[in-house]
Each structure stands twice: as C-alpha cells, then as structure tokens.
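The working numbering applies: residue 9 is where the sequence shown begins, and numbers increase by one. Glycine included, C-beta positions come from ideal geometry on N, C-alpha and C.
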Amino acid sequence: MHADQVGLDVFGIGEHHRAQYLDSAPAIILAAAATRNAAHTSHERRDGIELSRPVRVFQNFANARLLSQGRAEIVAGRGSFVDSFPLFGFRLEDYDRAVRRNLDLL
9 MHADQVGLDV
19 FGIGEHHRAQ
29 YLDSAPAIIL
39 AAAATRNAAH
49 TSHERRDGIE
59 LSRPVRVFQN
69 FANARLLSQG
79 RAEIVAGRGS
89 FVDSFPLFGF
99 RLEDYDRAVR
109 RNLDLL
C-alpha cells in the first residue's frame with residue numbers, strides 16, 4: 009500500500025548468477041513476497057531470460073502470477089553480465105542465437 013501511495017508500481021527482480029547478487033530465482037522471490045503480502049504494488053516484473061529455460065520461466069511465473077493475484081509479469085531481455093555463461097555451458101558467440109531462440113520459445 010505504501011508503495012502505491014508513493015507512486016511505485018513496478019518492483020523488478022532480475023536474474024543473476026553472481027556472488028554479489030541473491031536473485032538467481034526471481035519467480036521464487038516474487039512468489040514469496042506475494043504470499044507474505046509484502047508486495048504492495050500494482051505490478052511485479054522480472055527481466056533477463058537469456059540463460060534460463062523459457063518453458064521453466066513460463067511455468068514459474070504462471071505460478072507466481074497466481075500467488076500474486078495477477079501482479080507478476082515477465083519482462084524479457086538481454087542481460088548485461090556474461091561472466092556466468094560458462095556455468096551454463098554457453099559460449100558468448102552463441103548469445104544472439106540463444107536469446108532469439110529463447111524469446112521465441114517463451
């Protein structure tokens with residue numbers, strides 16, 4: 009409620025796989041916020057699907073959307089960090105093709 013009063017209508021969680029960040033599972037974070045009634049905004053969004061499996065992203069956000077009463081959304085785009093590519097077996101030269109494929113699947 010306070011978030012809406014001050015004009016905040018988006019609470020964004022990105023997906024990162026780095027030691028400096030704690031958000032490798034944004035749908036889980038948003039679902040936890042929704043079930044604890046801690047997210048008092050009109051919309052919740054998440055971005056950056058280039059390393060994720062698009063079908064799993066869709067499934068997780070479908071559940072987060074139900075738990076948040078329709079307030080969870082996917083915002084898909086390219087990430088700005090590429091140092092986690094080797095963790096997933098990706099090569100930087102395959103980045104453009106992987107993003108296009110994943111967006112099409114999503």
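R86 and H10 have their C-alpha atoms some 31 Å from each other.
Non-local C-beta neighbours of V63 in its own chain, meaning closer than 7 Å and more than five positions away in sequence, comprise L113, ordered along the chain.
Around the beta carbon of R79, a 10 Å sphere encloses 16 or more other beta carbons of the protein chains shown; the residue is thus reported as buried. In terms of Cβ geometry, R26 and D91 form a close pair [threshold 8 Å]. V14: not part of any alpha helix (DSSP H); DSSP gives it neither H nor E.
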